[in-house]
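A.B. asks: Chains A and B, in that order, are what the protein sequence lines are. Take 1 as the starting number for the first sequence in our numbering and just add one per residue. Take 1 as the starting number for the second sequence in our numbering and just add one per residue. The beta-carbon is built from N, C-alpha and C at its ideal position, and this holds for glycine as well. For clarity, every value in this text was computed on a predicted model and none was experimentally measured.
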Amino acid sequence: MKAFLGFVKKEFYHIFRDRRSLIILFGMPIVQILLFGFAITNEINQVKIAILDRSKDATTQEIIHRISNSPYFTVTQLIEKESDITAVFKKGMVKAVIQFEPHFDEKLLREHRASVQIVTDATDPNTANTISNYITAILKDYQRDLNQNVTNFSTITPQIRLAYNPEIKSVFMFVPGVMTVILMLVSAMMTSISLTREKEMGTMEVLLVSPLKPYQVIVGKVIPYILLSLINATVIILLSIFVFGMPVKGSFMLLGAESLLFIITALSLGILISTVAKTQQTAMMISLMGLMLPVIILSGFIFPISSMPVILQVLSNLLPAKWFIIIIKGIMLKGVGIGSLWKESLILLGMTLFFIFLSVRNYQTRLES
Amino acid sequence: MQNNWDIQVRQISKSYQKVKALEGISFEVASGELFGLIGPDGAGKTTLFRILTTLLLADQGEASVQGNDVVAHYKTIRRSVGYMPGRFSLYHDLTVEENLRFFATIFGTTIEENYHLIKDIYAQIEPFKKRRAGNLSGGMKQKLALSCALIHKPKVLFLDEPTTGVDPVSRKEFWEMLKKLQEKGITILVSTPYMDEAALCDRIALIQGGKILSIDTPKAIQSQFPRKLYALSAHNRYLLLEALKSYENTKSAFPFGAFVHYSDQKDSADLDVLKTYLESKGLQDIHIVETVPSIEDTFMELVP
Numbered sequence: 001m002k003a004f005l006g007f008v009k010k011e012f013y014h015i016f017r018d019r020r021s022l023i024i025l026f027g028m029p030i031v032q033i034l035l036f037g038f039a040i041t042n043e044i045n046q047v048k049i050a051i052l053d054r055s056k057d058a059t060t061q062e063i064i065h066r067i068s069n070s071p072y073f074t075v076t077q078l079i080e081k082e083s084d085i086t087a088v089f090k091k092g093m094v095k096a097v098i099q100f101e102p103h104f105d106e107k108l109l110r111e112h113r114a115s116v117q118i119v120t121d122a123t124d125p126n127t128a129n130t131i132s133n134y135i136t137a138i139l140k141d142y143q144r145d146l147n148q149n150v151t152n153f154s155t156i157t158p159q160i161r162l163a164y165n166p167e168i169k170s171v172f173m174f175v176p177g178v179m180t181v182i183l184m185l186v187s188a189m190m191t192s193i194s195l196t197r198e199k200e201m202g203t204m205e206v207l208l209v210s211p212l213k214p215y216q217v218i219v220g221k222v223i224p225y226i227l228l229s230l231i232n233a234t235v236i237i238l239l240s241i242f243v244f245g246m247p248v249k250g251s252f253m254l255l256g257a258e259s260l261l262f263i264i265t266a267l268s269l270g271i272l273i274s275t276v277a278k279t280q281q282t283a284m285m286i287s288l289m290g291l292m293l294p295v296i297i298l299s300g301f302i303f304p305i306s307s308m309p310v311i312l313q314v315l316s317n318l319l320p321a322k323w324f325i326i327i328i329k330g331i332m333l334k335g336v337g338i339g340s341l342w343k344e345s346l347i348l349l350g351m352t353l354f355f356i357f358l359s360v361r362n363y364q365t366r367l368e369s
Numbered sequence: 001m002q003n004n005w006d007i008q009v010r011q012i013s014k015s016y017q018k019v020k021a022l023e024g025i026s027f028e029v030a031s032g033e034l035f036g037l038i039g040p041d042g043a044g045k046t047t048l049f050r051i052l053t054t055l056l057l058a059d060q061g062e063a064s065v066q067g068n069d070v071v072a073h074y075k076t077i078r079r080s081v082g083y084m085p086g087r088f089s090l091y092h093d094l095t096v097e098e099n100l101r102f103f104a105t106i107f108g109t110t111i112e113e114n115y116h117l118i119k120d121i122y123a124q125i126e127p128f129k130k131r132r133a134g135n136l137s138g139g140m141k142q143k144l145a146l147s148c149a150l151i152h153k154p155k156v157l158f159l160d161e162p163t164t165g166v167d168p169v170s171r172k173e174f175w176e177m178l179k180k181l182q183e184k185g186i187t188i189l190v191s192t193p194y195m196d197e198a199a200l201c202d203r204i205a206l207i208q209g210g211k212i213l214s215i216d217t218p219k220a221i222q223s224q225f226p227r228k229l230y231a232l233s234a235h236n237r238y239l240l241l242e243a244l245k246s247y248e249n250t251k252s253a254f255p256f257g258a259f260v261h262y263s264d265q266k267d268s269a270d271l272d273v274l275k276t277y278l279e280s281k282g283l284q285d286i287h288i289v290e291t292v293p294s295i296e297d298t299f300m301e302l303v304p
């Protein structure tokens, strides 16, 4: 037991003295979650826009007021001529220009129909699309309020169809995915690298010719990473709650338990990789290509599984990550309990046992079989 | 099995795919003996060490350490031997002291308990005990690796090329340390590619191409050289060697330090004829003296 504790202590020395692994362990989760949360997002925030109001009546003033009061837009310029639109875009000062046609108020009253033109800077097509959708939503909103007071319907016709639901926050979709990727990376890659390092440095030879049993070496390697991965999972969940306001509707206990299960799945994969790989380089390549890419692409994290070709949909079932994402989305967003997630949990558990069985079978008490 | 043999090897063979690493190796090491395996790189020394330390399985033959079979009782062997692999197997990101403490712990002992055993060696690197092992010189790494291999008081010590990559002064010190360890009753099997170190062993086995060429005391091995041996020097060693190789009476000619070691087809050479021949090849400052064959000379003689 003392020998085993000595081994675990040594593992912690390895982790805390290697700047590279420390950065991967603690820097990456935070950077990734913030990156996905803030930068890689479909939401817009305080976008600068210009207004060309050729009507200047009460209705347009009200609409402009609503737009500039929303958290999404800041009106930075009021322009007078249509030719100014190109000028402000060229200077790159605004992302969109909203133009109201002349006699907007009158038209709305008499013809029940008035036009707003939304011109967006489409050099960034995604943002442009989102901006127009948000503005349209605000217009619709105004129209609804208007129609409550007036008996005869007045329609503002936006030139763009409403296609975006501003209620869906992208960060809610990214957090479970990022958490999965990070736990996979930290657990599987770091353990496989650390086990193969012993082989590469030749220290495995000495460890083998010692009273330390093989399972003690493996468990000793894994324990520090279980602890660190749990800390990581906690940091990610806390960040997503307090920075992005993500809800955790289900039980924290269940979330913790499922995370632990997934961590162990990933660790057993890491051990499995290390029984195959002879060098740290190989271990890293297998982890990155064999685990990271499928997790990012096939797990439903970025691309919805339902829109994949059938063969890939079938393949995605083999990924532990897919099931874990379903589980955490269920717990955090839907607030469901183990009653609805037992199937996914069992699949994960089965995969874990299978990987452990394979690693134990492949682990060598000698240098080669 | 006889009890005073600490290591017994019988007809051990091992192949890697098509390469035969060891072919029918047999030898014994007595308890308390300092036994050397002498041979060039690729001779099969490391493979033999790994079989004896239970890390590899031999294809054929059997071996035992302290009466324990390397296959059946490998766990007993792993508890009682000290092993220092060819590359110093240390954790480069741990300090000198942490390395030693770690190896003491996994063998269920402490530095303090067996300090007397490693004192002579460890005292030399103790001033640097807070330094990371990766920043040590080759000689210091070697001393630390030996300390780590000794800390659990092994009865048999396996040292695979412990002096490779170490400066001559440290090499000399290292062999003095081995002698002291031997006095403490530890059986030592050591391998080296350096022939000059062979003379320091009790007995040696010359190994080449997976086969043992000869096993005996260093003195006896030296005397196995069948003819008279001469050390030659001239103003240009390279030309001298070339000239000797094309000389009709040459049996062997090898560079040896600043000299060329030469033996004649006849037991003793006609030195005047040889000198005349060399002069005719344009060599100057020719000196020829008879010399005592070294282990290297015998080795070169025995290599098929």
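In terms of residue numbering, what span does the beta strand (DSSP E) encompassing residue 203 of chain B cover?
C.D. replies: Start and end: 203-208.
A.B. asks: Identify which residue in B/195, B/27, B/167 has its Cα closest to the Cα of residue 63 of chain B.
C.D. replies: Comparing Cα positions, the closest option is B/27.
A.B. asks: Only counting the same chain, and skipping five residues up and downstream in sequence, which positions put a Cβ closer than 8 Å to that of residue 88 of chain A?
C.D. replies: Result list for residue 88 of chain A: 50, 77, 79, 94, 97, in chain order.
A.B. asks: Could you check what DSSP says for residue 114 of chain B in three-state terms: helix, strand or coil?
C.D. replies: Of the three classes helix, strand and coil, the one that applies to residue 114 of chain B here is coil, per DSSP.
A.B. asks: Closest to residue 7 of chain B by CA distance: which of B/31, B/297, B/267 is it?
C.D. replies: Closest option to residue 7 of chain B, Cα to Cα, is B/31.
A.B. asks: Do the region 224-240 of chain A and the region 123-132 of chain B make contact, defined as three or more Cβ pairs closer than 8 Å?
C.D. replies: Output reads no: the region 123-132 of chain B does not touch the region 224-240 of chain A.
A.B. asks: With three or more C-beta pairs closer than 8 Å as the rule, is the region 179-193 of chain A touching the region 17-24 of chain A?
C.D. replies: Touching, yes.
A.B. asks: Could you give the DSSP three-state label for residue 66 of chain B: helix, strand or coil?
C.D. replies: Coil at residue 66 of chain B, not helix or strand.
A.B. asks: Label residue 185 of chain A either buried or exposed according to how many other C-beta atoms from any shown protein chain fall within 10 Å of its C-beta, with 16 as the threshold for buried.
C.D. replies: Under this definition residue 185 of chain A is a buried residue.
A.B. asks: Could you name the residues that DSSP lists as bridge partners for residue 223 of chain A?
C.D. replies: Residue 223 of chain A pairs with nothing; no bridge assigned.
A.B. asks: With 7 Å as the limit, tell me which residues of the region 209-228 of chain A have their beta carbon closer than that to any beta carbon of chain B; keep them in chain order.
C.D. replies: Correct list: 209, 210, 211, 212.
A.B. asks: Count the other CB atoms within 10 Å of the CB of residue 276 of chain B; is the residue buried (16 or more) or exposed (fewer)?
C.D. replies: When all chains shown are included, residue 276 of chain B counts as exposed.
A.B. asks: Out of curiosity, what's the CA-to-CA distance linking residue 286 of chain A and residue 265 of chain A?
C.D. replies: Cα to Cα, residue 286 of chain A sits roughly 16 Å from residue 265 of chain A.
A.B. asks: Kindly identify the DSSP beta-bridge partner or partners of residue 79 of chain A.
C.D. replies: Answer is A/52.
A.B. asks: List the residues of chain A that residue 102 of chain B touches, going by C-beta distances under 7 Å, in chain order.
C.D. replies: 6, 10, listed in chain order.
A.B. asks: Applying the criterion that 16 or more other CB atoms from any shown protein chain within 10 Å of the CB defines a buried residue, is residue 206 of chain B buried or exposed?
C.D. replies: That one is buried.
A.B. asks: Quick check on the burial criterion: 16 or more other C-beta atoms within 10 angstroms. Buried or exposed for residue 60 of chain B?
C.D. replies: With fewer than 16 Cβ atoms within 10 Å of its Cβ, residue 60 of chain B is classed as exposed.
A.B. asks: Checking 7 Å against the spacing of the C-beta atoms, do residue 42 of chain B and residue 22 of chain B come in under that value?
C.D. replies: No; because the gap between Cβ atoms is not below 7 Å, this pair is not in contact.
A.B. asks: For the region 91-125 of chain B, which residues have a CB atom closer than 8 Å to at least one CB atom of chain A, in sequence order?
C.D. replies: So the list reads 91, 92, 93, 94, 98, 101, 102, 103, 105, 106, 107, 108, given in the order they occur along the chain.
A.B. asks: Is the region 100-108 of chain B in contact with the region 183-203 of chain B, if contact means three or more CB pairs nearer than 8 Å?
C.D. replies: Contact fails: fewer than three Cβ-Cβ distances are below 8 Å.
A.B. asks: Who are residue 289 of chain B's beta bridge partners in DSSP?
C.D. replies: BP columns for residue 289 of chain B point to B/231.
A.B. asks: Is the Cβ-Cβ distance between residue 351 of chain A and residue 320 of chain A less than 7 Å?
C.D. replies: For residue 351 of chain A and residue 320 of chain A, yes; Cβs fall inside 7 Å.
A.B. asks: Under 7 Å between C-beta atoms, does residue 200 of chain A make it to chain E?
C.D. replies: The chain labelled as chain E is not found among the protein chains of the depicted structure, namely A and B.
A.B. asks: Quick check: the region 200-208 of chain A against the region 133-140 of chain A, are at least 3 beta-carbon pairs closer than 8 Å?
C.D. replies: As far as the Cβ criterion goes, the region 133-140 of chain A does not touch the region 200-208 of chain A, which means the pair count is below three.
A.B. asks: Which word fits residue 227 of chain A, buried or exposed, when buried means at least 16 other C-beta atoms lie within 10 angstroms of its C-beta?
C.D. replies: When all chains shown are included, residue 227 of chain A counts as exposed.
A.B. asks: In whole angstroms, give me the CA-to-CA distance for residue 90 of chain B and residue 199 of chain B.
C.D. replies: So the alpha carbons of these two residues sit roughly 29 Å apart.
A.B. asks: DSSP has residue 261 of chain B in a bridge; who is on the other side?
C.D. replies: Answer is B/231, B/254, bridged to residue 261 of chain B.
A.B. asks: Take residue 365 of chain A and list the residues in its own chain whose beta-carbon comes closer than 6 Å to its own, dropping the five residues that flank it on each side.
C.D. replies: Closer than 6 Å at Cβ, skipping near neighbours: 214.
A.B. asks: Evaluate contact between the region 268-277 of chain A and the region 174-182 of chain A, counting only Cβ atoms and requiring at least three cross-stretch pairs below 8 Å.
C.D. replies: They do not touch, by the three-pair rule.
A.B. asks: Mapping DSSP to helix, strand and coil, what is residue 98 of chain A?
C.D. replies: Strand.
A.B. asks: What number of angstroms, rounded off, separates the C-alpha of residue 10 of chain A from the C-alpha of residue 75 of chain B?
C.D. replies: So the two alpha carbons sit approximately 23 Å from each other.
A.B. asks: Strictly by DSSP, which residues pair up with residue 132 of chain B?
C.D. replies: Beta-bridge pairing links residue 132 of chain B to B/95.
A.B. asks: Let's test the definition: count the other Cβ atoms within 10 Å of the Cβ of residue 362 of chain A and tell me whether it reaches 16, buried, or not, exposed.
C.D. replies: The residue is exposed, with fewer than 16 neighbouring Cβ atoms inside 10 Å.
A.B. asks: Hey, could you find the ends of the alpha helix (DSSP H) residue 58 of chain A is sitting in?
C.D. replies: Element bounds for residue 58 of chain A: 58-69.
A.B. asks: Against residue 206 of chain A, what residues of chain B qualify as contacts under a CB-to-CB distance less than 7 Å, listed in chain order?
C.D. replies: The contacting residues are 83, 85, 89.
A.B. asks: Between the beta-carbon of residue 251 of chain B and the beta-carbon of residue 265 of chain B, is there less than 7 Å?
C.D. replies: Contact flag set, yes.
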